[in-house]
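Once you know that position 89 of the sequence shown is 124 in my numbering, the rest is easy, because the numbers rise by one and skip nothing.
Think of the CB as a built atom: it goes at the ideal place given N, C-alpha and C, for glycine as much as any other residue.
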Amino acid sequence: MNFCDKLFIEKDSGGNQDRKQLQKAIQFAKECSEAGIDTNFVVYKLDRLTRKMLHLSAIIEDLTKHNIRLQSIHEQIETDSLTGKFFCLMLGYVAEWELQAISERTKDGLRKAKQKGVKLGNKGISKVKERQIIKCYLQEELSVRNIANQLDISTATIYSVLRRNNIQASRQKTPKKLLTDTD
Numbered sequence: 036m037n038f039c040d041k042l043f044i045e046k047d048s049g050g051n052q053d054r055k056q057l058q059k060a061i062q063f064a065k066e067c068s069e070a071g072i073d074t075n076f077v078v079y080k081l082d083r084l085t086r087k088m089l090h091l092s093a094i095i096e097d098l099t100k101h102n103i104r105l106q107s108i109h110e111q112i113e114t115d116s117l118t119g120k121f122f123c124l125m126l127g128y129v130a131e132w133e134l135q136a137i138s139e140r141t142k143d144g145l146r147k148a149k150q151k152g153v154k155l156g157n158k159g160i161s162k163v164k165e166r167q168i169i170k171c172y173l174q175e176e177l178s179v180r181n182i183a184n185q186l187d188i189s190t191a192t193i194y195s196v197l198r199r200n201n202i203q204a205s206r207q208k209t210p211k212k213l214l215t216d217t218d
């Protein structure tokens with residue numbers, strides 16, 4: 036990218052307002068502007084910058100206050116004019132609406148699936164594996180951690196199986212023998 040002096044890559048979603056790379060990029064742009072450098076804040080797409088219209092408005096206002104022009108490559112919009120700012124905000128509103136619509140559709144789909152009896156979440160462990168866990172635990176030869184490692188499951192899964200089967204998970208840890216100078 037020939038027109039960028041510094042590139043910031045953000046991994047977080049545009050729906051998240053508290054993003055470290057975004058804050059670093061804005062701070063860098065402000066420092067450049069304060070140093071007298073003609074500064075443009077370039078984003079690939081506005082909804083990658085933020086999906087909240089009020090947040091976009093605040094960013095545009097903050098950048099404008101520091102004589103920094105916001106440019107979006109995908110939408111081919113710049114905020115150096117009132118019309119450009121208007122279109123940025125309009126697209127920001129559309130991005131926020133889209134985010135809300137996606138969230139509503141997802142929640143609606145999950146609710147409908149649950150009503151149809153679809154089990155959500157991971158599929159859980161088999162009855163065979165559950166019996167193995169109980170057998171290993173009751174034999175008291177292995178620690179919970181060793182059972183988990185041997186059966187390739189988490190310790191939380193073991194405790195969950197024990198609770199589900201009304202088995203008290205109250206093993207006493209045997210203290211290790213302390214070595215003294217006389218030993």
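Item checked: residue 54 - DSSP class collapsed to helix/strand/coil -> coil
Segments of 3+ residues assigned as beta strand (DSSP E) that fall wholly inside the segment 88-144 | 103-107
ask   = So residue 68 and residue 103 are in contact, right, with Cβ under 8 Å, and what is the actual spacing, rounded?
value = 5 Å
Exercise for review: Take residue 115 and list the residues in its own chain whose beta-carbon comes closer than 7 Å to its own, dropping the five residues that flank it on each side.
Suggested key: 104
Exercise. Find out if the Cβ-Cβ distance for the pair residue 107, residue 124 is shorter than 8 Å.
Key: no
Quiz item: What does residue 74 pair with, by DSSP beta-bridge criteria?
Solution: 103
For the alpha helix (DSSP H) containing residue 45, name the first residue and the last one. Taken as a continuous stretch (DSSP letters only), residue 45 belongs to no alpha helix (DSSP H), as it is neither H nor E.
**Straight-line Cα distance separating residue 64 from residue 74** = 6 Å
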